[in-house]
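Accompanying notes for the structure given below.
Here's what the structure looks like:
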């Protein structure tokens, strides 16, 4: 009976000792603070340093998160070395973040967009912001639509991203107006 206990203890310790290095080898994600509007330049500097020094596996500038860059690497020391003396870096947040905390920023989730030919949309981003337009073509693979401005003297087709418009009138509404 004592022999069985000894083997169980040995198995438990071997499991613990083999599990601990895996946790230490796990990559960590840190957040680097940057000057707003300089994220692309900081990404270029960090990428250049990461290629020279190693220890960093990915750099991500999430859309809509100005002034922050996600950096995945071996640990905080390798990330600090890569970010050392990089212009426009304002600091590194001291604690790593888990993947689940930043998953929504990283993974692309295709949304079911309810836009059809003939719908009236309002452009919410870009140079034509605030203009109303009629949908003439939809490209779901590229997530783009082609619209014609309603208030323009000459109808010119404009290709814009799906997330740059919101539907203000369905095609049934358009038929009623005509």
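Residue numbers (our numbering): 619 to 796. Where is the CB? At the ideal position from N, CA and C, for every residue including glycine.
Report buried or exposed for residue i, applying the criterion of at least 16 other Cβ atoms within 10 angstroms of its Cβ.
i: residue 716; result: exposed
i: residue 714; result: buried
i: residue 718; result: exposed
i: residue 668; result: buried
i: residue 654; result: exposed
Leaving out five residues on either side along the sequence, give the residues of the same chain with a beta carbon under 7 Å from the beta carbon of residue i.
i: residue 778; result: 741, 744, 762, 763, 765
i: residue 675; result: 645, 690, 691
Measuring straight from C-alpha to C-alpha, what distance separates residue i and residue j?
i: residue 724; j: residue 644; result: 18 Å
i: residue 746; j: residue 720; result: 32 Å
i: residue 702; j: residue 664; result: 9 Å
i: residue 783; j: residue 687; result: 27 Å
i: residue 732; j: residue 781; result: 12 Å
Hey, out of the options, whose CA is closest to residue i's CA?
i: residue 735; options: 720, 721, 756, 749; result: 756
i: residue 695; options: 775, 665, 648, 786; result: 648
i: residue 678; options: 651, 702, 670; result: 651
Only counting the same chain, and skipping five residues up and downstream in sequence, which positions put a Cβ closer than 8 Å to that of residue i?
i: residue 737; result: 752, 753, 785, 787, 788, 789, 792
Which residues share a DSSP beta bridge with residue i?
i: residue 797; result: With the chain covering 619 to 796 only, the question about residue 797 has no answer from this structure.
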